[in-house]
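Trainee: Mind having a look at this structure? Questions to follow.
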Amino acid sequence: MGLAAGVGILTAQYWGKQDLMTIERVFSIGCTMSIIISTIFFVISLLMPDHLMSFFTNDDTLIRYGSSFLRVISFSYLISGISQMYFSVIRSMENARVSAWISSMCPCIEHSLECNKYFNTLSGSARKGYRSRCFLDSSGTYR
Numbered sequence: 076m077g078l079a080a081g082v083g084i085l086t087a088q089y090w091g092k093q094d095l096m097t098i099e100r101v102f103s104i105g106c107t108m109s110i111i112i113s114t115i116f117f118v119i120s121l122l123m124p125d126h127l128m129s130f131f132t133n134d135d136t137l138i139r140y141g142s143s144f145l146r147v148i149s150f151s152y153l154i155s156g157i158s159q160m161y162f163s164v165i166r167s168m169e170n171a172r173v174s175a176w177i178s179s180m181c182p183c184i185e186h187s188l189e190c191n192k193y194f195n196t197l198s199g200s201a202r203k204g205y206r207s208r209c210f211l212d213s214s215g216t217y218r
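To convert, note that position 101 of the sequence shown is 176 in the working numbering; the numbers rise steadily by one, no gaps.
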């Protein structure tokens, strides 16, 4: 978020000057940094979720459930880093309508997935409901 905010501020400044080449360069640098940071968090969350969870709790049950949750949600780190960068640049270039539309659609999609989670949980399959919850959390991070 901080990286996206910084890129958004620089984009707004250069948009005022109508310097599109510099905006492209700032956006490119921001996306590159975002991909690097997102990949680091993705790899750590995917390959070492037990170690990551042990920073927050000593309870083996919480570590086990949290680790499986982190494995599922780790894929969202790759997409959310880039999407936040795009949203920040779009908003800074006086084109907030696209960003607002996407941000408005995310809760609708999230609500549909929430209904799916409850359906799976109520149908007696708690494991499906748990996996659905992980997917739901990872899909809601893109707004």
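Glycine included, every Cβ here is placed at the ideal spot set by N, Cα and C.
Identify which residue in S155, F150, P124 has its Cα closest to the Cα of Y140.
Mentor: P124
Trainee: Closer than 8 Å is the cut-off here; do at least three beta carbon pairs connect the segment 133 to 150 with the segment 86 to 102?
Mentor: no
Trainee: Roughly how many angstroms lie between the CA atoms of S143 and G91, to the nearest whole one?
Mentor: Rounded to the nearest angstrom, the two C-alpha atoms are 46 Å apart.
Trainee: Smallest Cα separation from S178: which of C190, E189, L188, S158?
Mentor: S158
Trainee: Closest by CA to L153, which one among I111, D134, V82, A80?
Mentor: I111
Trainee: Among S187, S174, V101, S120, whose alpha-carbon lies nearest the alpha-carbon of I148?
Mentor: Taking I148 as reference, the option from S187, S174, V101, S120 with the minimal CA-CA separation is S120.
Trainee: My parser needs the alpha helix (DSSP H) runs of 4 or more residues fully inside the segment 120 to 144; what are they?
Mentor: 124 to 129
Trainee: Return the residue from the list G81, F117, F116 that minimises the CA-CA distance to I104.
Mentor: G81
Trainee: Would you say R87 and S163 are within 7 Å of each other, going by their C-beta atoms?
Mentor: The residue asked about is misnamed: residue 87 is Ala in this sequence, not Arg. For the pair A87 and S163, the CB atoms are not nearer than the 7 Å cut-off.
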